[in-house]
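Peer 1: Reminder that position 743 of the sequence shown reads as 792 in the working numbering, one-by-one numbering, no gaps.
After the structure tokens below, expect a handful of questions from me.
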Amino acid sequence: MTNLTDVTKMEKGNAIYIKSIEAADLFSHMNRDQEITNEYLGMLPYSLESIRLEQEGVKVKKSKEAKWTSDDVINVKFNKKVRNADELLNNINENIDNVNEAINNETDEKKLEKLNDKLTEMNERKVHIESNKDNEEWKEVKSDDLRFKLYKEGFTINKYNKKTKKSKPIHYVVYKRSASKSRTGQCLFINKKLITKMQKWSRMGLKFELTRKHDLASLLAYESLVTSSLEGLVKINPDNMLILDDVESVFPEKCAVVRENKTTKLLDSFEQTITVENSLFDGESLLDVEFFPKGKSMLLLRQHMFKSAAFATNLQKFFTDQHRAMTNPENKSYDSSIPVNYNEWELEDMFGNKVLASQTKFIFTPSSLKALKFSYTKGTKADMYAYWKELINEETEATFGICKGEKGSKFGYNEDGEIIHQTSYQMLNSMDLSNTDVVKLAQDEVDYIINLKEDSDAFIEHINEKANNLNSNEMLSAIYNVNRDIIGTEVFKKFRREEINKQKTHVQKGKVRVNGDYLVLLGNPMEYLFHSIGKFDVNNVEELSLKDNQIYTTLFPVDKEYVGFRNPHTAPSNVFVGLNKEVKAIDTYFKLTKNIICVNSVKHNILNKLSGADFDSDTLIFVDFEEHILKMAKQLNEDFLVCVNEVDCEPNHYELDKANASRAEIDNTLSVSQKTIGKTVNTAQLYMSKYWDRKRNYETPEELVKLLKGVNILTVCSGIAIDMSKKLYKLNLEAEIKAMENKLELKLDKEDKKCKKPLFWKVNGSKDTNKKKDKKKDDKKEKKPNKFVKYDTPMDYLYLALEKLPKASDIAGVEFASLLAKVKTSNADRHQKAAILEEVNNMSDFIKSVNSEDSGLNEREKDERQMGAINNSKYKVQKKSIKIETMVATIEYALDLNNGYANPLRLLKVLYETHTETFLEAFKK
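Structure representation (structure tokens):
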């Protein structure tokens, strides 16, 4: 690792790749002799967790792809049920019919041999299932029941040893969630040999009595904080820490309050003046500037049951300046109790412990130290704090993991030197934008896409920016640099059309570039400093460094207003307008980059406005809009009450039963909430679209109020679904969303009298789950019914603005073969050519199956599996010595449209990346 300061190390260590397996497949492995995947598609990132696992003897090995892998931890998914014998037999019979059909149409002997082997294997499988179908293990098991079973019993995998040629059983038991999977219901299981040591470490050696009930949802969330991916490490001496009480700002405000309607027993929205409670320093901390690497002013820190966004603070300058003032009898801040000698001045923490001001380098509150929630296991909160400090010091010399720092936009700057980022469809659809507003806002995107159509150099620059290990962009760019005539080939034209259409769809999904960037929220920084010396009065509003909606950031000029959005963003009430004010004290006592925004939450309802924001690294995109859009955003603040969640969320307490039934119950609930997040957001935007459409078409106020209530309810439901990883609410989230869906009447299409979704749903809606049925309809060439109609809503304006783009100018056609060097292809190695074509074809078939809806893989797992297949093919092709004649012949065959080669671009990619020099020599200059 590289030392960037005396105490901070910013460099990633090695991740450990692990197997990620469906629980249903584990059940079938144990009970139905099903083989388990040997692919390592899951990952334990470099983290405090992975460091400890290695210290405790987890076995890791290096794979041929140079990845570190381990079989001691397995990620288990609960997305599928265990299918019964009849379902499996139906599936096998369908597959047998398909293989028989393929055999009848196949003439190649090698392929016929493979198909017959496959048919034999399926028939054997069919006989085996039929002979066992009445046995208990061949009955259906639902995913929820499967979780209870595996959490209680664990599972066993028989690991085959190639050297001894024997199988060795390894038993796994439930361990913990990983931070990245905390909302998905997935769970890590660990080799039983490691569970005692690792669980004791994860729970800080605390003894949770089995006979006592505990806040298990919180415990499961907080013990997993150490699994977060790290970008570096930092040591902070516990003697330099100062823990302060959290401070609440309490004030009345009229809000849109969401809670249960006692009559309907469902959620409802009520206009009501309530008491708002803002936790001013929730999740943030002040860390001395000496700990920060260059270019960073926020470090998201992790330790045992500790999570905090630490901001770069000139603590010693503040303390010395305040000490000078407080020891000067002529200064209004004079305090005779303060010793004249600065090195004798002691600050007091929330437990009455004294810490020298000159030694104070890290200030935080209980909101960062989650371990205090379980203080009863040690006695008092003071006892827990002392225990935590001693523990982290003994284990790691108080080494904290650094998960991330603030980052500037990856989109860079526009031609005018303005920072650029992009919006989301929820942001655009929550604003009262006219068609003219949207067209103007999207004009740069329209111009960009038109330029991609007309300017080949611009298109090549575009695909270079989008190049990655999975696509063919770099290869095509390399050919273009050798022979620009490639732009006239059919394969390039098709690729160009598809890429431009992707860009168009990307914008239609609400991704419009604007002058703005994501900034990390820092709440009341100066008040935090004064709180550390006991000089902050939360009720003295006049002394605040920022008042009301004032903010401070160096991203934009001061004395001007800007618009902010935080994710999750749902409604007009979530749109924030902040007035940027210069605060010299912040400049003096903080060393902040332009990606930090200081905000005020004293008597200002900003945290609810930003959908339950806190300060543990939450961000918002801050945008410099044109004056008329800024004016509209300010009007939204006047017209829409801030939405507040008052749904009952008293924590359920559970006993730590040995069968882990309570844990399974919580994780099943969590799994449902994750599936609900997308549905909640989508339903909210249907309500929002209907609201704008009806408002612009003069709907009655009563109907608009009903729609807005729906938006408010779904705004709160979205936050609840996200929060469920750490706390459980007393409501049936699925039932609430279903009720909201049933209440909404979509817009009527006057042509066929059917209610339909907005046009932008074509690109933004959830995937059609009836795809297989639709495919059959396509085969019969039945015309699909139109499911969409134009709404007067910003996202439909955007959709249509991108549909009206002019066609590209014609480019003269070029045969791909004409680009190739003139060589004697008769001298090519025919066997080598055939082997390469077959290898890439097989790889393409495999990738197609990986990307199918039936794969059950998430996006990261799909990428891992595709990358593995590509690397495997590259490894095989790279070993070959390919002469120029064979290279040209192979390319010529694959790119001849008459040969119907399935994926010519993938073939070109493999050849380019394995034999770059010979590949480029194959093209005329």
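In this text, a Cβ means the ideal position worked out from N, Cα and C, and glycines have one as well.
Which runs of the alpha helix (DSSP H) at least 4 residues long sit entirely within the segment 570 to 657? Give them in chain order.
Peer 2: 574 to 581, 633 to 638
Peer 1: Looking at residue 848 and residue 975, is the spacing between their C-beta atoms short of 7 angstroms?
Peer 2: Residue coverage of the chain in this structure runs from 50 to 974, which leaves residue 975 outside it and unanswerable.
Peer 1: By a C-beta neighbour count over all protein chains shown, 10 Å radius and 16 as the cutoff for buried, is residue 750 buried or exposed?
Peer 2: The count along the sequence shown starts at 1 and reaches residue 750 at position 701. Per the 10 Å Cβ criterion, exposed.
Peer 1: What are the start and end residues of the alpha helix (DSSP H) that includes residue 766?
Peer 2: Here residue 766 is taken as the residue at index 717 of the sequence shown, counted from 1. 750 to 772 is the span of the alpha helix (DSSP H), which, as asked, contains residue 766.
Peer 1: Give the list of continuous alpha helix (DSSP H) stretches no shorter than 4 residues that lie fully inside the segment 128 to 178.
Peer 2: 134 to 154
Peer 1: Quick one: residues in its chain with C-beta nearer than 6 angstroms to the C-beta of residue 116, no 5 flanking neighbours on either side, listed in chain order?
Peer 2: By one-based count along the sequence shown, residue 116 stands at place 67. Hits under 6 angstroms: 66.
Peer 1: From what residue to what residue does the alpha helix (DSSP H) around residue 209 run?
Peer 2: Residue 209 sits at position 160 when you count from the first residue of the sequence shown. Looking at the DSSP string, residue 209 is not in any alpha helix (DSSP H); the run it does join, the beta strand (DSSP E), is 204 to 210.
Peer 1: For residue 244 and residue 208, I'd like the C-alpha separation in whole angstroms.
Peer 2: Taking the first residue of the sequence shown as 1, we reach residue 244 at position 195. Taking the first residue of the sequence shown as 1, we reach residue 208 at position 159. Near 19 angstroms, if we compare the C-alpha coordinates of residue 208 and residue 244.
Peer 1: By Cβ distance, which residues of its chain are closer than 7 angstroms to residue 76, with the 5 residues on each side in sequence left out?
Peer 2: For the purposes of this step, residue 76 is identified with residue 27 of the sequence shown, where counting begins at 1. Counting only Cβ-Cβ distances below 7 angstroms, and skipping sequence neighbours, we find 131, 190, 195.
Peer 1: What are the residues that DSSP puts in a beta bridge with residue 567?
Peer 2: Against the sequence shown, residue 567 aligns to sequence position 518. Beta-bridge pairing links residue 567 to 670.
Peer 1: Determine the contact status of residue 536 and residue 860, defining contact as a CB-CB distance below 7 angstroms.
Peer 2: Here residue 536 refers to the residue found at position 487 of the sequence shown. Here residue 860 refers to the residue found at position 811 of the sequence shown. The answer is yes: Cβ separation under 7 angstroms.
Peer 1: Assuming residue 778 and residue 696 make a contact with CB atoms under 8 angstroms, what is their CB distance in whole Å?
Peer 2: The count along the sequence shown starts at 1 and reaches residue 778 at position 729. The count along the sequence shown starts at 1 and reaches residue 696 at position 647. Rounded, the Cβ-Cβ distance is 5 angstroms, consistent with contact.
Peer 1: Alpha helix (DSSP H) containing residue 511: first to last residue?
Peer 2: Here residue 511 refers to the residue found at position 462 when the sequence shown is read from its first residue. Start and end: 505 to 514.
Peer 1: Measure the beta-carbon distance from residue 457 to residue 608 and round it to whole angstroms, keeping in mind my assumption that it falls under 8 angstroms.
Peer 2: Walking along the sequence shown from the start, residue 457 turns up at place 408. Walking along the sequence shown from the start, residue 608 turns up at place 559. That belief does not hold up - the Cβ atoms of residue 457 and residue 608 are roughly 23 angstroms apart, past 8 angstroms.
Peer 1: To the nearest angstrom, report how far apart residue 154 and residue 161 are at their CA atoms.
Peer 2: If you number the sequence shown from 1, residue 154 lands on position 105. If you number the sequence shown from 1, residue 161 lands on position 112. About 10 angstroms.
Peer 1: With contact counted as at least three CB pairs below 8 angstroms, one residue from each stretch, are the segment 655 to 667 and the segment 628 to 636 in contact?
Peer 2: Put simply, the segment 655 to 667 does not touch the segment 628 to 636. Fewer than three CB pairs are less than 8 angstroms apart.
Peer 1: Just confirm the distance between the C-beta atoms of residue 773 and residue 718, as a whole number of angstroms; I'd bet it's less than 8 angstroms.
Peer 2: What you label residue 773 is simply residue 724 of the sequence shown in a count that begins at 1. What you label residue 718 is simply residue 669 of the sequence shown in a count that begins at 1. Their Cβ separation, rounded to whole angstroms, is 7 angstroms, which keeps residue 773 and residue 718 in contact under 8 angstroms.
Peer 1: Put residue 741 into one of helix, strand or coil per three-state DSSP.
Peer 2: Here the question's residue 741 lines up with position 692 in the sequence shown. Helix at residue 741.
Peer 1: Are the CB atoms of residue 315 and residue 788 within a distance shorter than 7 angstroms?
Peer 2: Locating residue 788 in the sequence shown gives position 739, counting from the first residue. Locating residue 315 in the sequence shown gives position 266, counting from the first residue. Yes, Cβ-Cβ distance for residue 788 and residue 315 is below 7 angstroms.
Peer 1: When we look at the beta-carbon of residue 766 and count the other beta-carbons within 10 Å, is it buried (16 or more) or exposed?
Peer 2: On the sequence shown, position 717 is the one that residue 766 refers to. Residue 766 is buried by the Cβ-count criterion.
Peer 1: Among 253, 794, 96, 221, which has the Cα closest to the Cα of residue 242?
Peer 2: Taking the first residue of the sequence shown as position 1, residue 242 is located at position 193. Nearest option by C-alpha distance: 221.
Peer 1: Below 6 angstroms CB to CB, which residues in the same chain sit around residue 616 once its five sequence neighbours on both sides are set aside?
Peer 2: What you label residue 616 is simply residue 567 of the sequence shown in a count that begins at 1. None.
Peer 1: In this structure, does DSSP put residue 562 in helix, strand or coil?
Peer 2: Taking the first residue of the sequence shown as position 1, residue 562 is located at position 513. Three-state DSSP puts residue 562 in a strand.
Peer 1: With DSSP run on the structure shown, which of helix, strand or coil describes residue 496?
Peer 2: As a position in the sequence shown, residue 496 is number 447, starting the count at 1. DSSP places residue 496 in helix when its eight states are reduced to three.
Peer 1: Which of the three DSSP states is assigned to residue 15 in this structure?
Peer 2: Past the edges of the chain, shown from 50 to 974, lies residue 15, and the structure says nothing about it.
Peer 1: Excluding sequence positions up to five away, which residues of its chain have a Cβ less than 6 angstroms from the Cβ of residue 431?
Peer 2: If you number the sequence shown from 1, residue 431 lands on position 382. Counting only Cβ-Cβ distances below 6 angstroms, and skipping sequence neighbours, we find 400.
Peer 1: Counting pairs of beta carbons, one from the segment 916 to 926 and one from the segment 865 to 879, are three or more of them closer than 8 angstroms?
Peer 2: no
Peer 1: Enumerate in chain order the residues of its own chain whose CB-to-CB distance from residue 138 is below 8 angstroms, with the five nearest sequence positions on each side excluded.
Peer 2: Mapped onto the sequence shown, residue 138 falls at position 89. Excluding sequence neighbours, residue 138 sits near 175, 178, 179, 182.
Peer 1: Mind pulling the beta strand (DSSP E) runs of 3 or more residues that sit fully within the segment 231 to 303?
Peer 2: 236 to 240, 281 to 284, 290 to 292
Peer 1: Given that a residue counts as buried once 16 or more other Cβ atoms are within 10 Å of its Cβ, and exposed if not, what is residue 825?
Peer 2: Residue 825 sits at position 776 when you count from the first residue of the sequence shown. Below a pLDDT of 50, predicted positions are generally treated as unreliable, and residue 825, at 41, falls in that range; the measurement from the model is reported next regardless. That one is exposed.
Peer 1: Comparing C-alpha positions only, which one of 501, 149, 814, 87 sits nearest to residue 167?
Peer 2: If you number the sequence shown from 1, residue 167 lands on position 118. Checking every option, the nearest Cα to that of residue 167 belongs to 149.
Peer 1: How would you label residue 829, buried or exposed, when you count the other beta carbons within 10 angstroms and need 16 or more for buried?
Peer 2: Position 780 of the sequence shown, counted from the start, is the residue given in the question as residue 829. Caution applies to residue 829, whose pLDDT of 42 falls short of 50 and renders its modelled position unreliable; the value that the coordinates give is listed next. It counts as exposed.
Peer 1: Does the Cβ of residue 352 have 16 or more other Cβ atoms within 10 Å, making it buried, or fewer, making it exposed?
Peer 2: Taking the sequence shown and counting its residues from 1, one reaches residue 352 at position 303. Looking at its Cβ environment, which holds 16 or more other Cβ atoms inside 10 Å, residue 352 is buried.
Peer 1: Please work out which residues of its chain come closer than 7 angstroms, Cβ to Cβ, to residue 690, disregarding the five sequence neighbours upstream and downstream, and give them in chain order.
Peer 2: As a working note, residue 690 is residue 641 in the sequence shown. Annotation for residue 690: 303, 304, 305, 320, 622 place their beta carbon closer than 7 angstroms to its own, counting only its chain and skipping 5 residues before and after.
Peer 1: State the CB to CB distance for the pair residue 413 and residue 357, rounded to an integer number of angstroms; the pair is presumed to be in contact (CB under 8 angstroms).
Peer 2: Locating residue 413 in the sequence shown gives position 364, counting from the first residue. Locating residue 357 in the sequence shown gives position 308, counting from the first residue. Taking the Cβ atoms as the reference, residue 413 lies roughly 5 angstroms from residue 357, within the contact range of under 8 angstroms.
Peer 1: Sorted by chain position, which residues of the same chain lie with C-beta nearer than 7 angstroms to residue 822's C-beta, five sequence neighbours on each side aside?
Peer 2: In the sequence shown, counting from the first residue as 1, residue 822 sits at position 773. Because residue 822 carries a pLDDT of 40, less than 50, the predicted location of this residue cannot be relied on, and the following value inherits that uncertainty. Correct list: empty, nothing qualifies.
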